[in-house]
Amino acid sequence: MIPPDPDYVVRVQTSFGRQQAMALLGAQMTEVRPGVTEIVLPFREELTQQHGFVHAGIITAIADSACGYAALSLMPPGVGVLTIEFKVNLLNPAAGERFIARGQVVKPGRTIMVCTGEVVAQRADSTQQTVALMQATMMVVRDRPTVSD
3 MIPPDPDYVV
13 RVQTSFGRQQ
23 AMALLGAQMT
33 EVRPGVTEIV
43 LPFREELTQQ
53 HGFVHAGIIT
63 AIADSACGYA
73 ALSLMPPGVG
83 VLTIEFKVNL
93 LNPAAGERFI
103 ARGQVVKPGR
113 TIMVCTGEVV
123 AQRADSTQQT
133 VALMQATMMV
143 VRDRPTVSD
């Protein structure tokens, strides 16, 4: 896939930098390629549920952002995306030192984009385990300056 915006990396990273929810969680964007992004979230006790695993809502949030930014990477300047639907399968408890969310566009479109997301837990011994899979639908938003990036 060839992005229509030659400055898509800067645009995606700048938009991510304005996302207060990801800043609050301590998540960082570590990769941007055409139709693909990666977000890393270090483990913090403040993000856990009652059993000590990172809360499913937090895992879902980073997967959703990874999918949304993967879609945004394929948008022309001035065009944005919004999530309109997703499904998450939680496969394993979210236990690890850090969590890596990878979003990828599966079906780009003019009005709707379908993405997949995967969140893996990375442990101290460098082993990884998939904790969640997401399928997400993104709506392409045109002519709305507040949703242009």
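Residue numbers (the numbering used here): 3 to 151.
Beta carbons: idealized from backbone N, C-alpha and C, even for Gly.
Candidates the options: closest to residue i by CA position
i      : options                      : result
Met141 : Val121, Thr62, Val81, Phe101 : Val81
Arg13  : Ser75, Gln52, Gln106, Arg104 : Ser75
Val122 : Val116, Ile60, Ser150, Asp9  : Ile60
Pro110 : Gln15, Pro36, Leu26, Val11   : Pro36
Val1   : Glu33, Thr39, Ile102, Phe45  : Shown here, the chain extends from 3 to 151; a query on residue 1 therefore has no answer.
Ala138 : Pro8, Asp145, Ala68          : Ala68
Pro95  : Pro8, Gln124, Ile4, Val11    : Gln124
Asp7   : Asp145, Gln106, Pro78        : Pro78
Pro5   : Gly54, Ala58, Ala73, Thr129  : Ala73
Residue i vs residue j beta-carbon contact at 8 Å
i      : j      : result
Gln63  : Ala23  : The displayed chain sequence assigns Ala, not Gln, to residue 63. Going by C-beta atoms, Ala63 is nearer than 8 Å to Ala23.
Ala65  : Gly28  : no
Leu84  : Thr132 : no
Leu152 : Val56  : Missing from the structure shown is residue 152; the chain here goes from 3 to 151 and no further.
Met31  : Gln51  : no
According to DSSP, residues forming a beta bridge with residue i
i     : result
Gln30 : Val42
Arg35 : Val38
Practice problem: Identify every run of the alpha helix (DSSP H) within the segment 42-79, keeping only runs that are complete inside it and at least 4 residues long; order them along the chain. | Solution: The segment 42-79 contains these whole alpha helix (DSSP H) runs: 58-74.
Quiz item: What residue ranges within the segment 66-141 form continuous beta strand (DSSP E) runs of no fewer than 3 residues, ordered along the chain?
Solution: Restricted to the segment 66-141, the beta strand (DSSP E) segments that are unbroken, complete and at least 3 residues in length are 82-92, 100-109, 114-124, listed in chain order.
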